[in-house]
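> Residue numbers for the sequence shown follow the numbering used here, beginning at 933 and rising by one.
The structure's right below; bear with me while I get my questions together.
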Amino acid sequence: MGLSILTPQKVFKKVKKAYAEASLNLLLNNLLAKVHATRIGPPRAKSKRSGLQ
């Protein structure tokens, strides 16, 4: 196993970095989706989506 060579600290840093990147991507995608819906969709659609969250 290649992972056994790495120290727990290195593994943790890699996981933390990957998690940070993933959460940032989710945040950006969510933001883009909201902007997209606000520009194209009618005002009612926006209020429905914000109510669901």
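Where is the CB? At the ideal position from N, CA and C, for every residue including glycine.
#1: Is T970 helix, strand or coil by DSSP?
#2: Can you give the Cα-Cα distance for K948 and L958, rounded to whole angstroms?
#3: Using only the alpha-carbon positions, how far apart do L960 and H968 sit?
#4: Measuring straight from C-alpha to C-alpha, what distance separates E953 and F944?
Inspection of the coordinates gives the following:
#1: helix
#2: Near 15 Å, if we compare the C-alpha coordinates of L958 and K948.
#3: Taking the straight line joining both Cα atoms gives about 12 Å.
#4: 14 Å
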